[in-house]
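Below: the structure, in structure tokens.
Numbering (my numbering), first residue to last: 1 to 635.
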């Protein structure tokens, strides 16, 4: 549906003469070289904690505003832990931080959180949103991809190890070229095929319809790479030159030529050691069995070598520019290349139309990851900022083109981008700069005077409260109740039954037990097998690129949080755990507040909660707090 809407938009643009022509490369801010300017002068320099604050405060002071005071420590640890881990801090962690008198207590907290494996599990989810990671084929058949989960684990490990972002890029575009014997490098290229695949379209007997399906598939691939890494909607130039950005139609087909040889499917990820061991096993079996039937049975009994849904590669025919995107109107042969509007780098790779498929992807990966490319560091620095503040410096994180939003703090974005590259493309270095800043640490208190000047808080005069993402709601409840199974990696759990009759149907089931009480990132992310609770809380479509999630407020959310059996069951588990720890005395409603909200109840709250616990049971207090705004929002 979304792809069809894009196509309609592009055709409308083609035939609407009143729309302006595309801007020239020198007119588009995102294509200009990254400049690391000097820190601006500010009147209240004593408020600044990191270089970030000088840029934020300079914009505020220009409008007669200033930063909010710093939030209290209880708020800060809850905010920072949710931002970096996606789950709340424990009562013990809160107490330890509040009583820590070290002047660097906050910075040390940030380091501990970044060093934890919980960090990679949470931040991998953001990247998987951007690249439309799915574990089923989509479209009408939507068959399961049982071996797609390796890519999810690759991303988790990449964030946890602070893999340099330029290496992260190269591996996902051409890892199997860099080291075809490395399972991780092969798995990394799953990015190219982790979106939907049209089984029906690819099975067409009609050659034209099959070719159209293939073009749609390649457009999806070009768009996820271009928007994900470069923030440019190159796919709008498939049928005609881009109507807004300096992307001629030829650029689309040059980039398409890079990926023409990528096909969906599974491939071996066995290491050289695994393959050598298998060959030795086969040789031993041949020596043991002289009968070509006994040997066959023995061979079939061998455990298969591991495979992953990383796609297969083939040497393609030369790419041709399609006039108006029509497969029946092939034009001139195109050579693999990149965006001509990026003047700081050559867009022509010097390759012929028949250049090796592997060479095309390797050259393109190097082009994207080149530190002279102004788009790449800007896009990622903006994404990291967005996930900490709720909105990027550029509010359209996958569109830094002329149709996207203008940066609210352009000098700050460039300073962050330059620092990102200078620090070895370390994502954790960006986190440190951002979360240790005074801008991030300020309170969320509302100021009417500031709101009159900047109602949307684009200038960051306070920390804007944010609702937890769907996965964080579920993960937090499991963590608080004590049910969470913290096992990392491996095959995804499947909280559904699968009925396959030509196509696959996924029937949600409320399974319980350790295998299903894992973090939500390890849930099988299938297209038509949604979870009702996660869906109500704006969990995006798996097959859709989601650089920024929608946040809605609907009655269905309240009804789901009140009535979903998962919520009620975990409320009972939390109550049972707390009662077991306090076998005698008054009902421990204070401990419920500390567990769910990270604080003690007020006198009135305590009295009301105690009455509720006596009337309906302690579990009902747990249930009520899981439904509270204070639990669902980070301040």
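For glycine and all other residues, C-beta sits at the position ideal for the given N, C-alpha and C.
Since the structure is predicted, the reported quantities are computational estimates derived from the model, not experimental observations.
Buried or exposed: which applies to residue i, given that a residue is buried once 16 or more other Cβ atoms fall within 10 Å of its Cβ?
i: residue 72; result: exposed
i: residue 500; result: exposed
i: residue 118; result: buried
i: residue 299; result: exposed
i: residue 206; result: exposed
i: residue 428; result: buried
i: residue 467; result: buried
i: residue 115; result: exposed
i: residue 256; result: buried
i: residue 556; result: exposed
i: residue 101; result: exposed
i: residue 455; result: exposed
i: residue 493; result: buried
i: residue 26; result: exposed
i: residue 137; result: buried
i: residue 521; result: buried
i: residue 453; result: exposed
i: residue 622; result: buried
i: residue 243; result: buried
i: residue 384; result: buried
i: residue 98; result: exposed
i: residue 601; result: buried
i: residue 380; result: buried
Helix, strand or coil: how does DSSP classify residue i here?
i: residue 349; result: coil
i: residue 11; result: Residue confidence is low: residue 11 scores 47 on pLDDT, short of 50, so the model does not pin down where it sits. No coordinate-derived value is stated.
i: residue 485; result: strand
i: residue 312; result: strand
i: residue 49; result: coil
i: residue 526; result: coil
i: residue 268; result: strand
i: residue 547; result: coil
i: residue 263; result: strand
i: residue 565; result: helix
i: residue 532; result: helix
i: residue 78; result: helix
i: residue 34; result: coil
i: residue 580; result: helix
i: residue 343; result: coil
i: residue 622; result: helix
i: residue 604; result: helix
i: residue 90; result: coil
i: residue 376; result: helix
i: residue 356; result: coil
i: residue 364; result: helix
i: residue 552; result: coil
i: residue 98; result: helix
List the whole-angstrom C-beta distance separating residue i from residue j, where the pair is believed to meet the contact cut-off of C-beta under 8 Å.
i: residue 481; j: residue 574; result: 4 Å
i: residue 252; j: residue 234; result: 6 Å
i: residue 592; j: residue 578; result: 6 Å
i: residue 551; j: residue 531; result: The pair is not a contact, with the Cβ atoms about 18 Å apart (cut-off 8 Å).
i: residue 319; j: residue 260; result: 5 Å
i: residue 365; j: residue 132; result: With 8 Å as the limit, residue 365 and residue 132 do not qualify as a contact, their Cβ atoms being about 19 Å apart.
i: residue 647; j: residue 372; result: The requested residue 647 does not occur in the structure, where the chain is confined to residues 1 to 635.
i: residue 164; j: residue 426; result: 7 Å
i: residue 567; j: residue 559; result: Not really, about 11 Å apart at Cβ, beyond 8 Å.
i: residue 672; j: residue 236; result: A question about residue 672 goes unanswered here, because the residues of the chain that appear run from 1 up to 635.
i: residue 438; j: residue 67; result: 6 Å
i: residue 69; j: residue 54; result: That pair is no contact at about 18 Å.
i: residue 193; j: residue 472; result: Wrong, their Cβ atoms sit about 28 Å apart, outside the cutoff.
Check the DSSP bridge columns for residue i and list the partner residues they point to.
i: residue 494; result: The partner list for residue 494 (beta bridge, DSSP) is empty, contrary to what the question assumes.
i: residue 144; result: 136
i: residue 334; result: 319
i: residue 501; result: 503
i: residue 634; result: 466
i: residue 442; result: 70
i: residue 508; result: 496
i: residue 518; result: 485
i: residue 307; result: 268
Is residue i close to chain B, meaning its C-beta is less than 7 Å from at least one C-beta of that chain?
i: residue 287; result: This model lacks chain B altogether, as it is built from one protein chain only.
Complete runs of the alpha helix (DSSP H) confined to the region 200 to 261 [at least 4 residues]: The region 200 to 261 is shown to contain whole alpha helix (DSSP H) runs of 4 or more residues at 207 to 225, 249 to 259, in chain order.
Which ranges does the alpha helix (DSSP H) cover as unbroken runs of at least 4 residues, wholly within the region 149 to 195, from first to last along the chain? 149 to 160, 165 to 178, 183 to 188, all fully within the region 149 to 195.
Which runs of the alpha helix (DSSP H) spanning at least 4 residues fall entirely within the region 395 to 431, listed in chain order? At a cut-off of 4 residues, the continuous stretches assigned as alpha helix (DSSP H) that sit fully inside the region 395 to 431 are 410 to 422.
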